[in-house]
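A short worksheet on the structure shown next.
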Amino acid sequence: MSTFKQHSILPGFNLALGFTLLYLSLIVLIPLSAAFIRTAELTWPEFLAIVTTPRVVASYQLTFGASFAAAIVNAVFGLLVAWVLVRYHFPGKKLVDALVDLPFALPTAVAGIALTALYAGNGWIGQFLEPLGIKVAFTPIGIFVALTFIGLPFVVRTVQPVLEDIESELEEAAATLGANRWQTFTRVIFPALFPALMTGFALAFARAIGEYGSVIFIAGNMPMISEITPLLIITKLEQYDYAGATALSVVMLVISFILLLIINLLQWWSRRRSIES
Amino acid sequence: MTAITYPLSPAARKERATQEPAWVRWSLIGLAFVFLTLFLFIPLISVFYEAFKKGVNVYLAAITDPDAVSAIKLTLTVAAIAVPLNLVFGVAAAWAIAKFEFRGKNLLITLIDLPFSVSPVVSGLIYVLVFGLQGWLGPWLAEHDLKIIFAVPGIVLATVFVTVPFIARELIPLMQAQGTEEEEAAVVLGASGWQTFYHVTLPNIKWGLLYGSILCNARAMGEFGAVSVVSGHIRGSTNTLPLHVEILYNEYNFAAAFAVASLLALLALVTLALKTLIESRNKHHNKQRGHE
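For the record, the sequence lines run as chains A and B.
So the mapping is simple: this note's numbering equals the position in the first sequence, first residue as 1, plus 213.
So the mapping is simple: this note's numbering equals the position in the second sequence, first residue as 1, plus 3.
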């Protein structure tokens, strides 16, 4: 026991840790293990057959493609928004800063119906895109729009604190050494922001992969075309295909765990960077 | 002569060296505004516009409809159970993690964060696998006439799952930063464990607790995917507000759907306002502490 825990005069360790482990086991670990244990009842070829049918593969391609595109857009514009919020002064800045977290606070179903109404052919934004031949609602582009919305705060909120902490002396030194603003940004500021930017990108991507609520309203949900993997799980469940739904959810879980691992590594990298500087 | 060769004051020159020209500044601000307007402001405004489009009477009728009222009640009930449970969990986890050194701590922190990286749909499905008719405990539950899936307990469980990390991840860094000296002093002076927690720790973490609870509550009331899997969508009985929005929308009753959605949007705005308030209070507080 002495090697497991360092001595402390504070009480309550056993109770607090015991309760934490019990709660986590009952709420998180045992239910999660159910997905893996139920899937283990399938043979390997059965499992592979379920998770590689053309309809399922099409849903992976769509989910990953749209999530990746949305995360890229969020990385670019998230960096821009964080920059503008940290570096510049303009009227309404505090309000904008507070509203950036809206996608975290707004229930996904509300976001879903609002975006659908906006981007439908007769919607506020859709009516301008329709004559150009661009259909957003009920197409894969709509999925991209919804995923961009829900991923918006991640990059802003990971880059913002790092940008605030960058010492102005670094930039002054770069300027003294003859760098212009663009060179200072690309050679001094951007490298310092890069780990945080990647972390934000990975968080937005991971969130987008599993997203359901905001997507299903705007997606159109056509098999092979605009059907995301989480929706396919629900569809299988509604057809009482428990083995199929469980196998697909195991695939999603494994992907989430890998992404979680990558995000932890990125955060570790990001912290080490900021300690070094 | 020197004044002519260096027309800018040293401060102005420094500013020019470390700031972008005005046109670049305003273009960047403008571009950020266009993006935020398209993806943030317009969607938010459109919820309220669509909700009131057919008039105040339609709006009021939609949110006072018996099914809507029962959805509001269920949503409040679910949050009233899920938030306190995760509050107790968050405090216990943060006490163990922040005040003690033990092996496997980082693994424990990762496990607490796990629900954030699980798809909402999968979060609901795993409870079906445990408590559903085809699940591990399904036959036993059916024998004893207990219903968890497609009933309120399932909705509560799925909501608790997706909101597990909120309060814990707010408290852990806060309590780690505060260290253990104050608590140790209290214990040395003869305070019991609970006295130490109540009189020393709790006053230090109350704002963090409130902050985490507000975020936890917003997610608990707004969760859609996980709840959708376990609810069974029984009107007036197992429908939460977000599920009620979906049903109305799928019935092409758009005005009513947006009316109910506007209640949730209002909740989101109140959440953001409280969050900002606590953040600015903490910033102010930290500054004062720094000056002491």
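Ideal placement from N, C-alpha and C gives every residue a C-beta, glycine not left out.
Minimum Cβ-Cβ distance from residue i to chain B less than 8 Å
| i | result |
| --- | --- |
| Lys-348(A) | no |
| Arg-251(A) | yes |
| Ala-409(A) | no |
| Arg-268(A) | no |
| Thr-321(A) | yes |
| Ser-381(A) | yes |
| Gln-274(A) | no |
| Ser-492(A) | This structure does not reach residue 492(A), given that chain A is present from 214 up to 490, and the question cannot be answered. |
| Gly-225(A) | yes |
| Gly-391(A) | no |
| Val-467(A) | no |
| Trp-296(A) | yes |
| Glu-259(A) | no |
Residue i, DSSP secondary structure in three states
| i | result |
| --- | --- |
| His-287(B) | helix |
| Phe-303(A) | coil |
| Glu-295(B) | In this prediction, Glu-295(B) scores a pLDDT of 42, lower than 50, which makes its location untrustworthy; the coordinate-derived value is nonetheless stated afterwards. Correct three-state label for Glu-295(B): coil. |
| Phe-418(A) | helix |
| Phe-105(B) | strand |
| Met-214(A) | Low per-residue confidence applies at Met-214(A): pLDDT is 48, beneath 50, and the placement is therefore not dependable, though the value from the model is reported in the following sentence. Residue state, collapsed to three classes: coil. |
| Trp-296(A) | helix |
| Glu-184(B) | helix |
| Asn-393(A) | coil |
| Thr-21(B) | helix |
| Gly-225(A) | coil |
| Thr-5(B) | The pLDDT assigned to Thr-5(B) is 45, lower than 50, so where the model puts this residue is not dependable; a value taken from the coordinates is nonetheless given after this. Helix at Thr-5(B). |
| Ala-236(A) | What sits at residue 236(A) in the sequence shown is Tyr, not Ala. Reduced to three states, the DSSP call for Tyr-236(A) is helix. |
| Ala-409(A) | helix |
| Leu-192(B) | coil |
| Ile-237(B) | coil |
| Val-121(B) | coil |
| Val-467(A) | helix |
| Ser-483(A) | helix |
| Asn-477(A) | helix |
| Glu-385(A) | helix |
Chain A contact for residue i (CB, 8 Å cutoff)
| i | result |
| --- | --- |
| Val-61(B) | no |
| Leu-117(B) | yes |
| Pro-156(B) | no |
| Lys-57(B) | no |
| Gly-196(B) | yes |
| Lys-278(B) | yes |
| Met-4(B) | Bear in mind that the predicted position of Met-4(B) carries a pLDDT of just 44, short of 50, making it too unreliable to give a figure here. |
| Gly-211(B) | no |
| Pro-123(B) | yes |
| Arg-28(B) | yes |
| Val-248(B) | yes |
| Ser-240(B) | no |
| Ile-175(B) | no |
Minimum C-alpha distance to residue i - residue among the options
| i | options | result |
| --- | --- | --- |
| Thr-321(A) | Ala-101(B), Ile-281(B), Leu-246(B) | Leu-246(B) |
| Gly-228(B) | Phe-164(B), Gly-33(B), Pro-123(B) | Pro-123(B) |
| Met-465(A) | Thr-442(A), Arg-485(A), Tyr-453(A) | Thr-442(A) |
| Ala-419(A) | Arg-268(A), Pro-224(A), Thr-216(A), Asn-287(A) | Asn-287(A) |
| Val-133(B) | Ile-151(B), Pro-118(B), Asn-89(B), Ile-250(B) | Ile-151(B) |
| Pro-498(A) | Leu-244(B), Gln-181(B), Pro-118(B) | Limits of chain A in this structure are 214 at one end and 490 at the other, which puts residue 498(A) out of reach. |
| Leu-445(A) | Thr-276(A), Arg-300(A), Leu-228(A), Thr-252(A) | Thr-276(A) |
| Thr-216(A) | Asp-148(B), Gly-107(B), Val-233(B) | Gly-107(B) |
| Ile-84(B) | Ala-161(B), Ala-145(B), Ser-73(B), Leu-212(B) | Ala-161(B) |
| Ala-359(A) | Thr-389(A), Ala-324(A), Ile-347(A) | Ala-324(A) |
| Asn-60(B) | Ala-258(B), Lys-278(B), Ala-271(B) | Ala-258(B) |
| Ala-409(A) | Asn-477(A), Leu-319(A), Ile-240(A) | Asn-477(A) |
| Ala-82(B) | Leu-149(B), Leu-212(B), Ile-158(B) | Ile-158(B) |
| Gly-225(B) | Leu-280(B), Phe-103(B), Ala-64(B), Leu-77(B) | Leu-77(B) |
| Leu-174(B) | Pro-46(B), Ile-115(B), Gly-211(B) | Gly-211(B) |
Where the alpha helix (DSSP H) through residue i begins and ends
| i | result |
| --- | --- |
| Met-178(B) | 168-181 |
| Ser-246(A) | 243-252 |
| Phe-362(A) | 353-378 |
| His-220(A) | Neither: His-220(A) is in no alpha helix (DSSP H) and is coded neither H nor E. |
| Trp-337(A) | Here Trp-337(A) belongs to no alpha helix (DSSP H), and DSSP marks it neither H nor E. |
| Gly-215(B) | 205-225 |
| Lys-56(B) | Looking at the DSSP string, Lys-56(B) is not in any alpha helix (DSSP H), and its letter there is neither H nor E. |
| Gly-346(A) | Gly-346(A) -> no alpha helix (DSSP H), and no H or E assigned at all. |
| Pro-245(B) | 244-253 |
| Gly-157(A) | The requested residue 157(A) does not occur in the structure, where chain A is confined to residues 214 to 490. |
| Glu-320(A) | Looking at the sequence itself, residue 320(A) is Pro, so the reference to Glu does not match. Here Pro-320(A) belongs to no alpha helix (DSSP H), and DSSP marks it neither H nor E. |
| Leu-444(A) | 442-451 |
| Leu-261(A) | 257-264 |
| Ser-439(A) | Unbroken run through Ser-439(A): none, as it is neither H nor E. |
Problem set entry | Length at least 4, wholly inside the segment 126-160 of chain B: the alpha helix (DSSP H) runs in chain order | You should have 141-146.
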